Each structure stands twice: as structure tokens, then as C-alpha cells.
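Take a look at the structure set out below.
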Amino acid sequence: MVPNFYILLICLSTFSLLFNGATSFYLSLPHQHPDPEAVAYDVQRRVDDSISVRQLLSTQEKDKCKTGNPIDDCWRCDSNWSNNRQRLADCVIGFGQGALGGKGGQIYIVTDSSDRDPANPTPGTLRYGVIQDEPLWIIFSTSMTIKLKHELIVNSYKTIDGRGATVHITGNGCITLQYVSHIIIHNIHVYNCKPSGNTNIASSPTHVGYRGRSDGDGISIYGSQKIWIDHCTLASCTDGLIDAIMGSTGITISNNYFSHHDEVMLLGHDDGYILDSGMQVTIAFNIFGEALVQRMPRCRRGYIHVVNNDFTYWEMYAIGGSGNPTINSQGNRYIAPADPNAKEVTKRVDTNEGWADWNWRTDGDIMVNGAFFVPSGAGLSAQYAKASSVEPKSAGIINQLTMNAGVFGGPRHESFSGPGFSGYGSSTGTTNTGSVGSSGGDSDYFGMIFGSGAPQPTCASSIFLCILILCTCMVGNILS
Ligand SMILES: *[C@@H]1O[C@H](CO)[C@@H](O)[C@H](O)[C@H]1NC(C)=O
């Protein structure tokens, strides 16, 4: 079954390259929302409601829990939250809304921080929990550092909930969400993730597969939907801190703290991959902290809602893209670096023409230190501005909404000062690595699934299906 699905996806992407831009039909992804503007509006409404509630409270109540952040205020005011952990799943907003994680499943407690045999994980380890077929809400018995031997391949309907412990995930991999749905990752440190692979790794209790070399992403989202990454602290990985590619959608990335990294977030790996037109991602209440270079995020196609984040540092640019993505930037603070050549928030990557109609808008953003956002498409029209109109947010509100970004209470860089860590690793930080400014960093994704010994595309029925789709679509093009 799985190899068939691979073939179908490869087939669709090949086909999308052949007919790039000329297609008259529309393929949609599972969990793609029919009205992304309505989802963006709903996020703003919830922020406004949460802030209004806060403003009505006495100072004493305010200090306790009602921060104005609609996600946190949803669960943190329950002093008994540790006995009602699964309520967290009701708190996601934006495109990831409805991501269930392990809601309704049992609590699985990680008691063993080891990762001795990725092909045959030991009960009690994180890896043993994440590969199970049934929904699980995974928590940790104590604070621990899990040094992965290889990619951690997570099965559908899982929550990794680090509340109540300090959990570090690092090493080889790191977290891979491939062809899965309903994943919540909350309150985890992820850093120093390195490429690895060419080995057998269990992805379910009954399946062990050969994996090619991974990219070294912090969290890699591949062909997956309904994903929520909240309150994580991410830094210093070889490739992206969070990458979402190949038909992933229904994603919310919220309340995280990013630092010490070059290519922070890649959404879509190929301008010609039309399925990514259905990619819908909410990026809210994050802090983009020190020693970041670019891609916060870099988008291809899709609808990306960037709302109420604090961009405190970049070296090249903050938000970029190609392939006509819709970028809706609302109520963020952009603090430009000192470099007079890097004041622009936005960057149209690898394109000389044709971006005038890309819908990139700025609405209520706060620009600091000479930062400027170059809008285009509908983002420029007065009519659009009138229809949406978000109140400009004050700097105070950005501070308030992001005050707990990253892992709760944890220092944001302890990962780099504790014993056993001697700096930021060789691949990141403020010195530009070889792939800066080129598109080369996006290239070797096929290695993930078609490394030597990976499942071979031999299924005749999938090839037949591929030809059928190609023909249907060619006919569609001729008729149109
Ligand atoms: C905490 O939650 C649990 C589980 O819902 C419940 O049984 C318990 O009574 C609650 N305790 C308090 C003090 O509210």
C-alpha cells in the first residue's frame, strides 16, 4: 500500500511539472479548508476576544493565567491541567484546528530516554510510543534528553506532550511526520539534529522500512495533515528547523522560539508541485530569536497566515517565497538588522518577473529599525485593505502574546550551555553555509524515500493509475 501511495504522489508531482501553470482543473488535499480567509479572520477574532477578556480582569487575575494569548488561555487557567492533559487538543487555532493528536487514546509514559534499536524499539522509550497504531497521548515520567540514533518516525494520532518535564530531543533525525495526520508536538526542545539514515527504522508495530539519508531537519512534515507544533524551542539543525513539503496542509506552528539557525522554515519544496497550492499554514505567536538568517518562512504556493509573531533578528530576509504563494502578514513586529541591505522583510526568491500579482499583504504589522514589507497583488488594493482591516497591534501586545514563547519556563538557550554541548554545531549560526542563497538546500528530498534499498516502485496498478491521471488531465487541458 505505502509504495503505491509514493508512486501516486511522485506521479502527481511529475505531472504538475509537465503542466505547470497550464492546468485548468484543481486537485485539493485532504483537510484543505475551502475558505482560508475565514480561518485567518477566525484567528484574529480569537486574539481580540482573548485580549478583551484580559483587559476586563483585575491585575491579580491577569498575572495568574489570562495572558491574552488565546491558545494558552484555553488550558493554562485550569490548575488541574495535568489531570486533564487532553484538553490541550481543543486549544489549537488556525489551519491546524481539529488536529486531535492522541485525544481519546491512552496516556503513554516515556520512562526510558534511550534509543538503542530504531528497528525494534524498547517499551518505555519515546520511539516505542510514537510508532503505535492507536491514538496515544505521550508524556514523560521525568526530565530527560533523548539522543536519537536515527529519525523518529511518528505514526498518526499522537501527542508528544512535554509539559511537567524538561524534554530535549536531539541527535540524528530528528522528528519525521510522513504520510500521517493528527499530530501535536508540545513543549519540547529540539536542536542539533543531524542527517543520518541508510538503515532500518520501525514506523509501526508491524512495519520496519529501510530509510535513505535524512536531511537533518528538526521537524520534517511530509505529505501530512492536521499538525500542530506549539511551545517548542528549536535551534541549530543541519537543514530546516521545521519543513513542511509534498502536500502537507492543515498546520499550525504557534508559540515557538527559534534561534541559531540559517534556513528556519521551508513550506513547499518545488514551485511546480501544484498540490502545494492547497498548503495552508498558520504561523502565530512565535519569537524568531537571535542568530537566524532566512526563511521565516520561505513559501511556495499555498496560503500562509503569519500573525502576531515577533521577528527580532534576520540576516538576509524574514519572509520569502516563489511560485505564487499567498502571504497574509498581520500584526507582527519586524525588527530589521543593522545591515542597510537587509531591511526588507520580504524576498521574492529566484524570480525576475511575474510576481506583481502574488497576493502578499501586510496588515497592522509594526516595522522597526527601517524594516519594510513589499506587498503585491491583492495586498496592494485599497478595496482589499478596507475589507480586512486588522487594527494595528501595539508593541506591547506583541510582547504580551509572545511572553511565553518556546518551552514554558525553560531558558531558551540552555541547550547550548549545558554539559555535553560545545556550541552551535558546525552547520548553523551566523556564518553562512554553502546553501545560503541557492535553492540547493531543498533538493535531495527523494533521498528520504528512495535511498538504496527503499521500497521499489514496482506496482503495475500504481503506474496504470498514474497514466490514467496523466491522460485525464491532458484531455482536460486540450478541452479547456
Ligand atoms: C482534576 O481532574 C481529575 C480528572 O478530570 C478529577 O478527577 C479531579 O477531581 C480534579 N481535581 C480537582 C482538584 O479539580
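Read in order, the letters of the sequence shown correspond to residues -24 to -1, 1 to 456 in mature numbering (1 follows the signal peptide of the UniProt record, and there is no 0). For glycine and all other residues, C-beta sits at the position ideal for the given N, C-alpha and C. All figures in this text were calculated on a predicted structure; none of them were measured in a lab.
{"Query": "Among R139, S172 and T142, nearest to I151 - alpha-carbon criterion", "Result": "S172"}
{"Query": "Touch test, the segment 305 to 312 against the segment 237 to 257, Cβ-Cβ under 8 angstroms, three pairs minimum", "Result": "no"}
{"Query": "Cα-Cα separation, I303 to D315", "Result": "25 angstroms"}
{"Query": "Backbone secondary structure at F71 - three-state DSSP", "Result": "helix"}
{"Query": "Cross-strand partners of R388 (DSSP beta bridge)", "Result": "DSSP lists no partner for R388."}
{"Query": "Segments of 4+ residues assigned as alpha helix (DSSP H) that fall wholly inside the segment 228 to 289", "Result": "none"}
{"Query": "From R337, H281, G296 and S179, residue whose alpha carbon lies closest to that of A14", "Result": "H281"}
{"Query": "Distance CB(R277)-CB(P301) smaller than 9 angstroms", "Result": "yes"}
{"Query": "For N59, three-class secondary structure by DSSP", "Result": "helix"}
{"Query": "Nearest neighbour of A267, chosen from F234, C275 and A260 [CA to CA]", "Result": "F234"}
{"Query": "6 angstroms CB neighbourhood of D418 in its chain, flanking five on each side removed", "Result": "Reliability fails at D418, whose pLDDT of 30 lies under 50, so the model's placement of it is uncertain and the value that follows must be treated cautiously. For D418, where only same-chain residues beyond five positions count, the Cβ hits under 6 angstroms are H245."}
{"Query": "Nonlocal neighbours in the same chain, by C-beta distance under 7 angstroms from R52, ignoring five residues either side", "Result": "C41"}
{"Query": "N-terminal and C-terminal residue of the alpha helix (DSSP H) that A16 is part of", "Result": "P12 to L32"}
{"Query": "M272 versus F264 - alpha carbon distance", "Result": "8 angstroms"}
{"Query": "Beta-carbon contacts of D286 that lie in its chain and below 6 angstroms, excluding the five residues immediately before and after", "Result": "I263, R309, I374 and T378"}
{"Query": "Integer Cβ distance of W113 from R63, believed to fall under 8 angstroms", "Result": "At roughly 11 angstroms, the Cβ-Cβ gap does not stay under 8 angstroms, so W113 and R63 are not in contact."}
{"Query": "Bridge partners - F116, DSSP secondary structure assignment", "Result": "V86"}
{"Query": "Complete runs of the beta strand (DSSP E) confined to the segment 282 to 338 [at least 3 residues]", "Result": "295 to 298, 302 to 306, 309 to 311 and 322 to 324"}
{"Query": "Close beta carbons around C275, own chain, < 7 angstroms, minus the five adjacent residues each side", "Result": "L243, G244, G297, P301 and I303"}
{"Query": "Cα-Cα separation, G353 to W331", "Result": "8 angstroms"}
{"Query": "Sufficient close CB pairs (3 or more, under 8 angstroms) joining the segment 121 to 135 to the segment 156 to 175", "Result": "yes"}
{"Query": "Reduced DSSP secondary structure (H/G/I, E/B, other) of D137", "Result": "strand"}
{"Query": "Any non-hydrogen atom of ligand 1 closer than 8 angstroms to R56 Cβ", "Result": "A small fix is needed here, since residue 56 is Asn in this sequence, not Arg. Checking every heavy atom of ligand 1 against the Cβ of N56, one is found closer than 8 angstroms."}
{"Query": "Those residues which DSSP pairs with L153 across a bridge", "Result": "I197"}
{"Query": "Closer than 8 angstroms: N148 CB and nearest ligand 2 heavy atom", "Result": "This structure does not include ligand 2; its bound ligands are ligand 1."}
{"Query": "Beta-bridge pairing of Y167 - partner residues as DSSP gives them", "Result": "T146 and A211"}
{"Query": "Backbone CA spacing between V29 and Y17 [nearest angstrom]", "Result": "18 angstroms"}
{"Query": "Buried/exposed call for P12, threshold 16 Cβ in 10 Å", "Result": "buried"}
{"Query": "Per-residue burial, S55 [other beta carbons within 10 Å of its own, 16 or more giving buried]", "Result": "exposed"}
{"Query": "Under the three-state DSSP convention, the category D191 falls into", "Result": "coil"}
{"Query": "Which listed residue (D247, D93 and L32) has its alpha carbon closest to that of H126", "Result": "D93"}
{"Query": "For T225: DSSP bridge partner residues", "Result": "Q201"}
{"Query": "With 16 other Cβ atoms within 10 Å as the buried cut-off, status of Q20", "Result": "buried"}
{"Query": "Between the CA atoms of G105 and Y279 - distance to the nearest angstrom", "Result": "33 angstroms"}
{"Query": "Neighbourhood of G147 by C-beta, 6 angstroms cutoff - its chain only, sequence neighbours within 5 removed", "Result": "K123 and L124"}
{"Query": "Cβ of T87 within 9 angstroms of any chain C Cβ", "Result": "No chain C is present in this structure, which holds just one protein chain."}
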